[in-house]
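Residue numbers (full-length UniProt numbering): 1 to 332.
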């Protein structure tokens, strides 16, 4: 619900190197928000981070920042296994929450938070940024229009080369793995472009270490009968390889870089209407995402990446892990 006149004072929970891309730089172009605080697990790290990025307050503990009455919202950027814990803590402190993907360690934890959020008047939003870009919305419009006919197959890939094996995304105890990291995007893209949450038919993992997938592929089937495939990797033969295609009985479309459409903001369509290419702004998806969050907090406007949506996404991720013979991730 509408909360205040603005600007929204946001605290970054976790002094991550991703923060400049995901929220600090987007906030510079958004007069409705201000990054007012940052928290790390020790004072020197927090102060160094805050000084580097011109942030007024620095906290040497997550608890202290969450309890700050001067903050309106918390951006949860800690390792995935702790997303649920600190989202719940922020809600309990009366804060709005923007939680980095994946929303939680597993679907059961996502359901717990969705139930808490439903009882709250605070905005809780998962940071699946591609959902807010005009290209993604246009894909949904085309599919809904029937231009492609009856859907037959959806194929989504996101593969990167990340050889830093001590990173959090390769740590099982921190809820790491390719399907948790890049896979949180491909699962959401498959759901968004496929029109519903699919069933996981089968899955195969390539491991970096026991229980930790460096790559994952899965076959899907949707309630309406069409099929799908998703592929993701953190240790890939490609520095960056991403694509999504949607095939219907009357046409098809293709997107390059569907998880970050501002990088290649081009949509190719072939149908009875002919072949065409549609182009979109290069404005960063994170900026559109922050716009959405601010509008929800200040004006009560709806969000697309709700806790309920996150439950659906985590259910797909859990199902992929089970089908591949791997354990689902657990909160810490």
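The beta carbon of each residue, even a glycine, is placed where N, CA and C say it ideally should be.
- For the options 142, 180, 312, the alpha carbon positioned closest to that of residue 327 is the one of 180.
- Within the model, the alpha-carbon separation for residue 72 versus residue 151 is close to 43 Å.
- Pairing residue 178 with residue 252, the inter-Cα distance amounts to about 28 Å.
- Using a 10 angstroms sphere on the CB of residue 186, the tally of other CB atoms reaches 16 or more, which defines it as buried.
- Inter-residue distance for residue 225 and residue 320 is about 19 Å (C-alpha atoms, whole angstroms).
- The beta carbon of residue 188 is closer than 6 Å to those of 128, 313 in its chain, skipping five residues each way along the sequence.
- Minimum Cα-Cα distance from residue 210 among the listed residues 198, 200, 170 corresponds to 170.
- When secondary structure is reduced to three states using DSSP, residue 289 falls in the helix class.
- Every alpha helix (DSSP H) stretch that sits fully inside the stretch 264-332 and reaches 4 residues is listed by chain position as 285-299, 307-323.
- DSSP lists 248, 271 as the beta-bridge partner residues of residue 251.
- Taking the C-beta atoms as reference points, residue 45 is found no nearer than 8 Å to residue 174.
- Residue 14 has its alpha-carbon roughly 18 Å from the corresponding atom of residue 286.
- Looking at 273, 191, 75, the one whose alpha-carbon comes closest to that of residue 222 is 191.
- When the beta-carbon positions are compared, residue 202 and residue 218 come within less than 8 Å of each other.
- Secondary structure in the stretch 7-76: the alpha helix (DSSP H) runs of 4 residues or longer, each lying completely within the stretch, are 25-28, 43-53, 62-66 in chain order.
- Assigned with DSSP and collapsed to three states, residue 123 falls in coil, not helix or strand.
- An exposed status is given to residue 164, since fewer than 16 other beta-carbon atoms sit within 10 Å of its beta-carbon.
- When rounded, the separation of the alpha-carbon atoms in residue 207 and residue 32 is 43 Å.
- Across the set 325, 323, 311, 12, the C-alpha of 311 shows the shortest separation from the C-alpha of residue 109.
- Per DSSP, the continuous alpha helix (DSSP H) segment holding residue 194 begins and ends at 182-194.
- Annotation: the stretch 112-159 contains the following complete segments of the beta strand (DSSP E) (minimum length 3 residues), in chain order: 124-127.
- If you draw a straight line from the Cα of residue 141 to the Cα of residue 289, it is about 19 Å long.
- Here the C-alpha atom of residue 11 lies approximately 18 Å from the C-alpha atom of residue 103.
- Distance from the CA of residue 298 to the CA of residue 8, rounded to the nearest whole angstrom, comes to 8 Å.
- The Cβ neighbour count for residue 228, taken over all protein chains shown within 10 Å, is at least 16; the residue is labelled buried.
- In this structure residue 59 touches residue 39 by the C-beta definition: roughly 4 Å separates them, less than 8 Å.
- Looking only at 101, 316, 28, 75, the smallest Cα-Cα distance to residue 130 is reached by 101.
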